[in-house]
């Protein structure tokens with residue numbers, strides 16, 4: 555079957571899509587790749603679908619981009635083939651990180667192994683753990699794609715957590731369905747803190763790639779229902795303003811309803827890189843918190859990002875304290891990819907601290 559470049563498309567022809575393919579086939583099965591691209595074979599051609607599909611593929615973390623996608627036609631069939639020039643990215647990682655709180659002298663560590671796109675099937679598996687003076691955590695997750703011939707996936711997550719002489723065993727199962735290249739929802743449920751719960755989420759993601767996004771928007775609204783309702787909203791917006799600089803504006807907020815002083819094991823565990831960078835990881839339990847972040851990022855070197863950030867947030871104190879506790883922190887970070895490895899260094903301090911009393915977070919990620 556001959557393929558021809560298609561720089562021009564006759565307007566009077568009823569063009570339809572053929573299955574998407576890789577320009578240089580990698581480990582991903584061709585049928586799996588076509589499903590991941592989400593361009594439906596036999597549907598009418600809409601050229602704007604190609605860049606959206608390409609960004610969606612790059613967000614998976616399975617591929618890296620060589621050049622822009624091209625379109626070819628199959629002779630005498632009015633059929634166009636979207637061809638993506640993507641190669642396999644390193645998708646198996648071992649990551650180790652350590653956080654050092656200079657004020658208290660405490661350390662916390664993390665170790666995680668991540669296997670993505672196993673044998674080119676779009677199956678993902680990860681496991682790892684964290685350890686500090688106050689808590690220990692072990693967790694795993696597994697994603698099974700395209701169940702029952704659908705475009706949806708099942709994701710199983712389990713964890714074992716021990717803190718302050720309290721032990722928890724949590725497990726949940728989610729069904730994740732893509733609505734198009736940017737929108738997806740999930741429904742699920744499981745077992746947490748000796749109670750059954752159900753969950754819902756809806757997200758939108760137009761970021762250009764993962765990791766080190768340069769432009770785009772991510773937002774997610776989520777809810778869990780058990781003896782209480784836990785509601786959350788999370789968002790990130792990347793706005794480039796020069797060839798090498800981009801601005802990240804981020805915000806998140808989570809709360810438990812009804813508003814009462816729930817048992818400690820039910821509360822949110824916050825602190826660290828994801829929630830309040832200047833606080834030790836998982837150092838605070840609260841029933842409600844929110845934060846905003848402004849992060850200037852410089853991408854002047856290949857596979858790198860320099861971060862200059864500030865975070866402003868609040869969290870709800872537990873009894874015997876009352877009211878809201880404000881958090882204002884700022885600092886800098888550096889991420890650098892080197893071949894199949896990457897390093898990240900972050901240093902953050904609270905507004906009322908001296909410069910040498912901050913939190914240092916260092917991580918190394920090795921591909922294999």
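Numbering (my numbering), first residue to last: 555 to 922.
Using N, Cα and C, we set each Cβ at its ideal position, and we do this for glycine too.
**Asked** Should residue 634 and residue 576 be called a contact, given that it needs their Cβ atoms to be closer than 8 Å?
**Response** For this step, residue 634 is matched to residue 80 along the chain shown. For this step, residue 576 is matched to residue 22 along the chain shown. Not closer than 8 Å, so no.
**Prompt:** If you draw a straight line from the alpha carbon of residue 850 to that of residue 920, how long is it in whole angstroms?
**Reply:** Position 296 of the chain shown holds residue 850. Position 366 of the chain shown holds residue 920. Rounded to whole angstroms, the separation of the alpha carbons of residue 920 and residue 850 is 26 Å.
**Asked** What runs of the beta strand (DSSP E), each 3 residues or longer, lie entirely inside the segment 744-822?
**Response** 749-759, 770-779, 783-794 and 799-811
**Request:** Look at the alpha carbon of residue 783 and the alpha carbon of residue 813, and state the distance between them as a whole number of angstroms.
**Result:** As a working note, residue 783 is residue 229 in the chain shown. As a working note, residue 813 is residue 259 in the chain shown. Looking at the two C-alpha atoms, the distance is approximately 10 Å.
**Message:** What residue range does the alpha helix (DSSP H) around residue 606 cover?
**Reply:** As a first step, residue 606 is located in the chain shown; it is residue number 52 there, counting from the start. From DSSP, the alpha helix (DSSP H) with residue 606 extends over 603-613.
**Asked** Around the Cβ of residue 555, are there at least 16 other Cβ atoms within 10 angstroms (buried) or fewer (exposed)?
**Response** For the purposes of this step, residue 555 is taken as the residue at position 1 of the chain shown. Any reading at residue 555 must be qualified, since the residue scores a pLDDT of 46, below 50, and its modelled position is unreliable; the value itself is stated next. Under this definition residue 555 is an exposed residue.
**Asked** Per DSSP, what kind of secondary structure is residue 587 in: helix, strand or coil?
**Response** The residue you call residue 587 lines up with position 33 of the chain shown. Correct three-state label for residue 587: helix.
**Where the beta strand (DSSP E) containing residue 831 begins and where it ends** = Within the chain shown, the letter at position 277 stands for residue 831. Residue 831 -> no beta strand (DSSP E), and no H or E assigned at all.
**Asked** Thinking C-beta only, is residue 809 closer than 8 Å to residue 785?
**Response** On the chain shown, position 231 is the one that residue 785 refers to. On the chain shown, position 255 is the one that residue 809 refers to. For residue 785 and residue 809, yes; Cβs fall inside 8 Å.
**Buried/exposed call for residue 854, threshold 16 Cβ in 10 Å** = On the chain shown, residue 854 is found 300 positions in, with the first residue counted as 1. Exposed is the call here.
**Request:** Using DSSP bridges, identify the partner residues of residue 635.
**Result:** To locate residue 635, count along the chain shown from 1; it is residue 81. Answer is 626, bridged to residue 635.
**Message:** So, does the segment 616-629 touch the segment 870-889, judging by three or more C-beta pairs under 8 Å?
**Reply:** no
**Request:** Out of 583, 899 and 829, point me to the one whose CA is closest to residue 881's CA.
**Result:** Counted from its first residue, the chain shown places residue 881 at position 327. Here the closest residue by C-alpha is 829.
**Item:** Residue of 720, 803 and 789 minimising C-alpha distance to residue 817
**Value:** Taking the first residue of the chain shown as position 1, residue 817 is located at position 263. Nearest option by C-alpha distance: 720.
**Message:** Taking 6 Å as the limit between beta carbons, can you name the residues of its chain near residue 864, skipping five residues before and five after?
**Reply:** Counting from one through the chain shown, the residue named residue 864 turns up at place 310. Taken in chain order, the residues that qualify are 848 and 884.
**Asked** Shortest alpha-carbon distance to residue 703 belongs to which of 723, 731, 690 and 722?
**Response** Sequence index remark: in the chain shown, residue 703 carries index 149 (1-based). Closest in C-alpha terms to residue 703, from the list 723, 731, 690 and 722, comes 731.
**Message:** Taking the beta carbon of residue 603 as the centre, do at least 16 other beta carbons fall within 10 Å, making it buried, or is it exposed?
**Reply:** By 1-based counting over the chain shown, the position of residue 603 is 49. Classification of residue 603: buried, given that the 10 Å Cβ count is 16 or more.
**Message:** Short of 8 Å in beta carbon distance, which residues of its chain neighbour residue 739, apart from the five on each side in sequence? Order them along the chain.
**Reply:** Working through the chain shown from its first residue, we reach residue 739 at position 185. Only 730, 731, 733, 754, 755, 756 and 757 meet the Cβ criterion.
**Request:** For residue 833, count neighbouring Cβ atoms within 10 angstroms of its own Cβ and tell me buried if that reaches 16, exposed if not.
**Result:** As a working note, residue 833 is residue 279 in the chain shown. Residue 833 is buried by the Cβ-count criterion.
**Asked** Nearest-angstrom Cα distance between residue 745 and residue 571?
**Response** Taking the chain shown and counting its residues from 1, the one referred to as residue 745 is at position 191. Taking the chain shown and counting its residues from 1, the one referred to as residue 571 is at position 17. Between residue 745 and residue 571, the C-alpha separation is close to 44 Å.
**Request:** Mark residue 923 as exposed unless 16 or more other C-beta atoms lie within 10 angstroms of its C-beta, in which case mark it buried.
**Result:** Lying outside 555 to 922, the shown extent of the chain, residue 923 is not represented and no answer is given.
**Request:** Let me know the secondary structure DSSP gives residue 702 once reduced to three states.
**Result:** Against the chain shown, residue 702 aligns to sequence position 148. Of the three classes helix, strand and coil, the one that applies to residue 702 here is helix, per DSSP.
**Request:** Determine the direct distance from the alpha carbon of residue 693 to that of residue 713, and round the result to whole angstroms.
**Result:** Reading the chain shown from its first residue, position 159 is the one you call residue 713. Reading the chain shown from its first residue, position 139 is the one you call residue 693. Cα to Cα, residue 713 sits roughly 4 Å from residue 693.
**Request:** Helix, strand or coil for residue 730, going by three-state DSSP, please let me know.
**Result:** Here residue 730 is taken as the residue at index 176 of the chain shown, counted from 1. Three-state result, residue 730: strand.
**Message:** Determine whether the beta carbon atoms of residue 916 and residue 656 lie at a separation below 8 Å.
**Reply:** Along the chain shown, read from residue 1 onward, the residue named residue 916 stands at position 362. Along the chain shown, read from residue 1 onward, the residue named residue 656 stands at position 102. Result no, Cβ atoms of residue 916 and residue 656 do not sit closer than 8 Å.
**Item:** Option nearest residue 918 by Cα separation, candidates 912, 898 and 902
**Value:** Counted from its first residue, the chain shown places residue 918 at position 364. Looking only at 912, 898 and 902, the smallest Cα-Cα distance to residue 918 is reached by 898.
**Item:** Helix, strand or coil at residue 907 according to DSSP, with G and I counted as helix
**Value:** As a position in the chain shown, residue 907 is number 353, starting the count at 1. Residue 907 falls in the coil class under three-state DSSP.
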